[in-house]
Amino acid sequence: MILTGADIVVETLIEQGVKTVFGYPGGQVINLYDALYTRSDRIKHVLTAHEQGAAHAADGYARASGEVGVVIATSGPGATNLVTGIATAYLDSVPLVAITGNVPNSLIGRDSFQEVDITGVTLPITKHNFLVKSIDKLADTIREAFVIAKSGRPGPVLVDIPKDVQTATFPYIPCSVVEKRPQRVAKGDKISKAVQMIAEAQKPYIYYGGGAISAGISEEIAALAEKIDAPIGCTMMGLSAVPVDNPRYLGMEGMHGHYASSVGQDEADLIITIGARFSDRATGNVAKYARRAKIIHIDADGAELNKNINVDLGIECDIKDAMQRLIGLVNEKQHPEWMARIAELKAQEHEQFLRVTATDRITPYALIHETAKYTNPDTPIVTDVGQHQMWVAQYYPFKQVRTFISSGGLGTMGFGLGAAIGAAKATGKRTVLFTGDGSFGMNLNELATVTAENVPVTIIIMNNKVLGMVRQWQTLFFQQHYSNTDLHSRKTDFVKLAEAFGMPGYRITALSELETTVEKVFAEDGPVLVDVSIFEDEFVLPMLPPGGSIEDIITERGDK
Amino acid sequence: MERYVIAILVDNQPGILTRVASMFNRRGFNIDCLTVSETEDSQHSRITIALRGDNSVRSQIIKQLRKLYNVKEVKVMEHGKSVYRELALIKLRNNPETRHDVLSAVDIFRSKIVDFSPTTLCVEITGETSKIEAFIALVEPIGILEMCRTGVVAIERGDSYLNSETSL
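From first to last, the protein sequence lines stand for chains A and B.
In terms of my numbering, the first sequence opens at residue 1 and continues consecutively.
In terms of my numbering, the second sequence opens at residue 1001 and continues consecutively.
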């Protein structure tokens, strides 16, 4: 079948199982959009308000479903608008294929209209990228992009296609869905060493990150913890892989981690790390991190072993295979003293929690708790970045894997709304976005997409009229110099804004309104927004100060 | 910090050098020198990089290089098991008072004069980096007007190859 390059791109996407793409048309992708138009019964395109929103939507789609997300943009500004979205996906290892149009080959390098060297721009934020110079390699390049995006440690791949390649013609031969490249399995002696280290440990601690979600090992983590009698902690990126009602689960550790999880990790004598990368937000001061513990590190990416933290046993491997073999080989163990200590830490954490939440104002916890009454275990919970994100990470009762969708590594304010659209499209389920007035202000243009597509998104703005996370640092470390973090002068009425975009908006300003209004919000069928006033000096606690260690932990205001 | 030499076999495609060099830049690894050239197979190019760093830096560099899509092989060219060579062209003042010293140095270092004018002369010297640096130190007081160096290239001795598919 002889097709144009544009047709080949879309046929290849369909062939690779892509059902929904996100994007924005423009001069150098008109042909591509024509090919989408004639195949709209086989592939759905979601038009966003801005390419950044499209990139975050494709990312949210991928995080919620585990499938490769696809975003399309035109050359020049279209392509550069994807950059933050691609970097977000790169830092969180999300499989994404970004397709950009470019000026025809004959105009490349001449600073033509809307020409940008997007492969150059995205070099450090993609797993790999391609400039497809001739049509004979087009279909295979797109297939290869999918292979790279989903193999090993997943990540974004960009394919830049000059316009003349889109208009040229070439035979198209359909292919099946490409497979991931097989990952090497852990060597037997490494697994044996891990088994031995676990046998010798008195205070083992299982510690997983986002790699556990990519590898689909929720059950294996729980099974290992059960067999060796260990608590389970995670990074922020690992949230939702193990349900909060697992009695061994301590939640996330790190800068704003759960107290028992962070202290437990510090006191452990063996940390079994799975698919996590010891980021600075997770470790604090590396010199003081996990001083009492030996560390086993199991990861899909060998370059993560000994990168940030020197480990005692590093295993680059297929994580799922390694976990299954490990579970088969470890001896059952009991650590009653250790587990009693963990229970004690959890009790302390609960006391702290009661003190922090004992107030008659609307606390973030109260809002999250109220929301959780109306959500299901499989409801995607999306966040933006800042204090609200940490509160959701700390308090929302995640029950099912891939339900927490948040920008971890890059910490992209403005990620949430686009990602929520993607998550809702991927799952077909009502999706909840927790955001802040700061983050929401960055990309609220995507409300247009939400209402145009009638995406069932419940937008909950934790509105403190400040850039709360930076303000918290200014309070603690900058003598309360609130430099450019006070938003009280903004006149934005989020309820009217919602109405202007064609969706209902609600407002909650007092605790007494919380229950009744949240109920009304969740009675809405389509997209809905609720603006909830919270206290401007609500802190995210506990907090390990940047570069600090567990001794520096702040658990209450006035601690430091 | 120890200096070591890494040989990298990459696909012979445009932009590969940028990908490799960019990785060093963004991970904060410093390169002493870098060369890139054709190989016995037109599909591949060979990049040789000399750098300094401790073992953890060295191992991180190798692992990060292996993650790059177009990188086929990465190998440390161990000093005792490899031949290192570098070439330098060095332009010196040609005046009667120092000419004799220069010519003796050229002779002792088994280098050669490749250009000779009334005011300047140019020396070509090849060898290991240490030899070239010794020569430079010797002629520096005479006055080096201009210098360029190729950077080190390296190949393993005997029946060892960068490309793991190669055999006798």
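Virtual Cβ for every residue (Gly too), placed ideally from N, Cα, C.
These figures come from a predicted structure and were not determined experimentally.
> Beta-carbon of TYR1069 (chain B) versus every beta-carbon of chain A: anything under 8 Å?
Replying inline: Taking the second sequence and counting its residues from 1, the one referred to as residue 1069 (chain B) is at position 69. By this cut-off, TYR1069 (chain B) is an interface position.
> Buried or exposed: ILE1008 (chain B), going by 16 or more other Cβ atoms within 10 Å of its Cβ?
Replying inline: The residue you call residue 1008 (chain B) lines up with position 8 of the second sequence. Classification of ILE1008 (chain B): buried, given that the 10 Å Cβ count is 16 or more.
> Where do the N-terminal and C-terminal ends of the beta strand (DSSP E) with LEU224 (chain A) fall, by residue?
Replying inline: Translated into positions along the first sequence, residue 224 (chain A) becomes position 224. Premise fails: LEU224 (chain A) lies in the alpha helix (DSSP H), 218-228, not in any beta strand (DSSP E).
> Looking at GLU513 (chain A) and GLU370 (chain A), is the spacing between their C-beta atoms short of 8 Å?
Replying inline: Here residue 370 (chain A) corresponds to residue number 370 of the first sequence, with the count starting at 1. Here residue 513 (chain A) corresponds to residue number 513 of the first sequence, with the count starting at 1. Their beta carbons are not under 8 Å apart, which means GLU370 (chain A) does not touch GLU513 (chain A) by this criterion.
>> By DSSP's criteria, ILE1006 (chain B) is part of a beta bridge. Which residues make up the other side?
In response: Position 6 of the second sequence, counting from 1, holds the residue named residue 1006 (chain B). Looking at the DSSP assignment, ILE1006 (chain B) forms a beta bridge with B:ILE1049, B:VAL1076.
> Who are the neighbours of ARG1058 (chain B) on chain A, taking C-beta pairs under 8 Å?
Replying inline: As a working note, residue 1058 (chain B) is residue 58 in the second sequence. Near ARG1058 (chain B) there are no residues of chain A at all, since even the closest Cβ is about 11 Å away, more than 8 Å.
> If VAL382 (chain A) sits next to ILE405 (chain A), beta carbons under 8 Å apart, how far is it from one beta carbon to the other, in whole angstroms?
Replying inline: In the first sequence, the residue the question calls residue 382 (chain A) occupies position 382. In the first sequence, the residue the question calls residue 405 (chain A) occupies position 405. Confirmed, about 4 Å.
> Going by beta carbon distance, what residues of the same chain come within less than 6 Å of THR119 (chain A), once the five residues before and after it are set aside?
Replying inline: What you label residue 119 (chain A) is simply residue 119 of the first sequence in a count that begins at 1. Cβ within range, chain order: ASN129, LEU131, ASP160.
> If we cut at 8 Å on Cβ distances, does ASN306 (chain A) have a partner in chain B?
Replying inline: Looking up residue 306 (chain A) in the first sequence gives position 306. Interface residue, yes.
>> On the DSSP letters alone, give me the boundaries of the beta strand (DSSP E) that THR1119 (chain B) sits inside.
In response: Here the question's residue 1119 (chain B) lines up with position 119 in the second sequence. Run containing THR1119 (chain B): none; DSSP gives neither H nor E here.
> From this set, B:ILE1125, B:VAL1010, B:ASP1115, B:VAL1139, which residue's C-alpha is nearest GLU1086 (chain B)'s C-alpha?
Replying inline: Here residue 1086 (chain B) refers to the residue found at position 86 of the second sequence. The candidate whose alpha carbon is nearest that of GLU1086 (chain B) is B:ILE1125.
>> Beta carbons nearer than 7 Å to chain A: which residues of the segment 1020-1032 of chain B have them?
In response: SER1022, ARG1026
>> Using a Cβ-Cβ distance cut-off of 8 Å, determine whether GLN1064 (chain B) contacts chain A.
In response: Taking the first residue of the second sequence as position 1, residue 1064 (chain B) is located at position 64. Answer yes: the Cβ-Cβ gap between GLN1064 (chain B) and chain A drops below 8 Å somewhere.
> What are the start and end residues of the alpha helix (DSSP H) that includes ILE368 (chain A)?
Replying inline: Residue mapping note: residue 368 (chain A) aligns to position 368 of the first sequence, counting from 1. That run of the alpha helix (DSSP H) goes 364-372.
>> As an exercise, report each continuous alpha helix (DSSP H) stretch of at least 4 residues that is fully enclosed by the segment 406-477 of chain A, in chain order.
In response: 416-427, 437-443, 447-452, 468-477
>> So, at 7 Å on beta carbons, what are the nonlocal neighbours of ILE148 (chain A) in its own chain, with the 5 sequence-adjacent residues on each side left out?
In response: Mapped onto the first sequence, residue 148 (chain A) falls at position 148. Correct list, in chain order: LYS127, HIS128, VAL157.
> ILE554 (chain A) CB to nearest chain B CB: under 8 Å?
Replying inline: Stepping through the first sequence from its first residue, residue 554 (chain A) is reached at position 554. It does not: the Cβ of ILE554 (chain A) has no partner Cβ on chain B nearer than 8 Å.
>> Can you confirm whether THR1150 (chain B), when its beta carbon is compared against all beta carbons of chain A, has any partner nearer than 8 Å?
In response: Taking the second sequence and counting its residues from 1, one reaches residue 1150 (chain B) at position 150. It does not; no Cβ of chain A falls within 8 Å.
> Between the C-alpha atoms of GLN166 (chain A) and LEU329 (chain A), what's the straight-line distance to the nearest angstrom?
Replying inline: As a working note, residue 166 (chain A) is residue 166 in the first sequence. As a working note, residue 329 (chain A) is residue 329 in the first sequence. The alpha-carbon atoms of GLN166 (chain A) and LEU329 (chain A) are separated by roughly 54 Å.
> Can you tell me whether VAL1114 (chain B) is buried or exposed, with buried defined as 16 or more other CB within 10 angstroms of its CB?
Replying inline: If you number the second sequence from 1, residue 1114 (chain B) lands on position 114. The residue in question, VAL1114 (chain B), is exposed, as its Cβ has fewer than 16 Cβ neighbours within 10 Å.
>> Whole angstroms are fine: how far does the CA of VAL1005 (chain B) sit from the CA of ARG1058 (chain B)?
In response: On the second sequence, position 58 is the one that residue 1058 (chain B) refers to. On the second sequence, position 5 is the one that residue 1005 (chain B) refers to. ARG1058 (chain B) and VAL1005 (chain B): Cα-Cα distance of roughly 10 Å.
>> According to DSSP, simplified to helix, strand and coil, what is VAL132 (chain A)?
In response: The residue given as residue 132 (chain A) occupies position 132 in the first sequence. VAL132 (chain A) falls in the coil class under three-state DSSP.
> Counting only runs that start and end within the segment 93-171 of chain A, where is the beta strand (DSSP E) found for 3 or more residues in a row?
Replying inline: 96-102, 128-131, 156-162, 169-171
>> So with CB distances below 7 Å, who are the chain B contacts of PRO124 (chain A)?
In response: Here residue 124 (chain A) is taken as the residue at index 124 of the first sequence, counted from 1. Within chain B, the residues near PRO124 (chain A) are SER1022, ARG1026.
> Closest by CA to ALA64 (chain A), which one among A:GLU267, A:THR379, A:THR555?
Replying inline: Numbered from its first residue, the first sequence carries residue 64 (chain A) at position 64. Comparing Cα positions, the closest option is A:THR379.
> Is LYS560 (chain A) close to chain B, meaning its C-beta is less than 8 Å from at least one C-beta of that chain?
Replying inline: Counting from 1 along the first sequence, the entry for residue 560 (chain A) is found at position 560. Annotation note: pLDDT 47 at LYS560 (chain A) (below 50); position unreliable, coordinate value reported separately. So no, LYS560 (chain A) is outside the interface.
> If you draw a straight line from the alpha carbon of GLU551 (chain A) to that of THR1035 (chain B), how long is it in whole angstroms?
Replying inline: Within the first sequence, the letter at position 551 stands for residue 551 (chain A). Within the second sequence, the letter at position 35 stands for residue 1035 (chain B). Cα to Cα, the separation comes out at about 49 Å.
> So what's TYR33 (chain A) in DSSP terms, helix, strand or just coil?
Replying inline: The residue you call residue 33 (chain A) lines up with position 33 of the first sequence. In this structure, TYR33 (chain A) counts as helix in the three-state DSSP scheme.
>> Cutting at 6 Å between CB atoms, please list the residues of its own chain near GLU1146 (chain B), excluding the five before and the five after it.
In response: Here residue 1146 (chain B) refers to the residue found at position 146 when the second sequence is read from its first residue. Counting only Cβ-Cβ distances below 6 Å, and skipping sequence neighbours, we find LYS1091.
> Can you list, in chain order, the residues of the segment 293-304 of chain A whose Cβ is nearer than 7 Å to any Cβ on chain B?
Replying inline: GLY302, ALA303
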